[in-house]
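What follows is a short report on a single structure.
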Amino acid sequence: MGKRQKQKNDSFICNLEEGQKMKIDDSAHGSKAFVPIQIDPGNSVEIVQIDGGLITGLSSNKPCADNLIYTVKDTRTNLNITWIIELKGTRNQGEAEHAIKQIVESIGYMQDEAAYPQAAKYIKKRDYVFAAVVGAPDRTLPVFNNEDIKKLCRKLWAISGKKKDIKNMFSLFCYIRPNRRYSEAKIRGEAPPYSIECYNSNGSFISYPSMLLKLLGN
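Residues 1004 to 1221 in our numbering are what the sequence shown lists, from first letter to last.
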């Protein structure tokens, strides 16, 4: 696993360079969900803790997503991408569906420059804004209501600069399903929203951002 480097002033931000790997999780809060990522050549990114880091001061009943991945530089495609991630290691339909609201509300917070001025850059002038809900390897992540996903994808599409290149707005959302059987990350499904099967111990890391761009082209 690559060395993690944190910015001096922002302990909730971790910098990763090309080739480095990271397992994004929320084990501190008891979640078994995780996302294993590896940064593509020519890329540098920030891994940002949203809840309690980038966005603070919310009451306990206010939803907020867990993390985002933010492209700082991409010398290969020159694309500016943000990927919002909610870790939901549960098979409970109601608890899992709450993840969609958490992502939607988080986008709203980041768009509120008066309340969260340092968050604005993560959502403004991005070529693509993706989102994912993540399960745990020993639990079944339920499929969400199509209308809930549609609401989220409309918002993702609205803040993505390259709208004309998005053939299906549902491709901006995906499920992440950690699976021990996979020796490499795979995109599954006949139509968007797709699922990405991955696992960190087998080296089946999600290549960022190339695997997200594959979602747009499938």
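Glycine included, every Cβ here is placed at the ideal spot set by N, Cα and C.
Predicted, not measured: the structure shown is a model, and the values here were computed from it.
Cβ atoms of A1117 and E1089 stay farther apart than 8 angstroms, at about 25 angstroms.
Residues F1147, N1148, D1151 of the same chain have their beta carbon placed closer than 7 angstroms to that of E1100, with the five preceding and five following residues left out of the count.
By the neighbour-count criterion, in which a residue is buried when 16 or more other Cβ atoms sit within 10 angstroms of its Cβ, D1168 is exposed.
Looking at the backbone, the Cα of K1128 and that of R1183 are separated by about 37 angstroms.
DSSP places R1157 inside the alpha helix (DSSP H), whose first and last residues are 1149-1161. The alpha carbon of F1037 has as its nearest neighbour, out of F1176, R1142, V1107, N1046, the alpha carbon of R1142. When K1154, I1016, A1134 are compared, the shortest CA-CA separation from S1198 is found for A1134. In the three-state reduction of the DSSP assignment, E1200 falls in the strand class.
D1115 counts as exposed, since fewer than 16 other beta carbons sit within 10 angstroms of its beta carbon. As the crow flies, the alpha-carbon of K1091 is around 17 angstroms from that of N1203.
Cβ atoms of Y1112 and A1122 come within 8 angstroms of each other, at about 7 angstroms.
Assignment of D1054 by DSSP, reduced to helix, strand and coil, places it in the strand class. Within 10 angstroms of the beta-carbon of A1194 lie fewer than 16 other beta-carbons, which makes it exposed.
Nearest neighbour of W1086 by Cα position, chosen from I1072, L1019, Y1211, C1177, turns out to be I1072.
If you keep only unbroken beta strand (DSSP E) runs of at least 3 residues inside the segment 1165-1215, you get 1176-1181, 1189-1191, 1197-1201, 1209-1211. As summarised for the segment 1066-1140, the continuous beta strand (DSSP E) elements at least 3 residues long and confined to that stretch are 1070-1077, 1084-1090, 1131-1137, given in chain order. K1158 and I1110 do touch by the CB rule: their CB atoms are close to 6 angstroms apart, below 8 angstroms. Around I1053, the same chain offers C1067, A1068, D1069, N1070, L1071, S1109 as residues with beta carbons nearer than 7 angstroms, after the five sequence neighbours per side are excluded.
In summary, T1078 is exposed, with fewer than 16 beta-carbon neighbours lying within 10 Å of its beta-carbon over all protein chains present.
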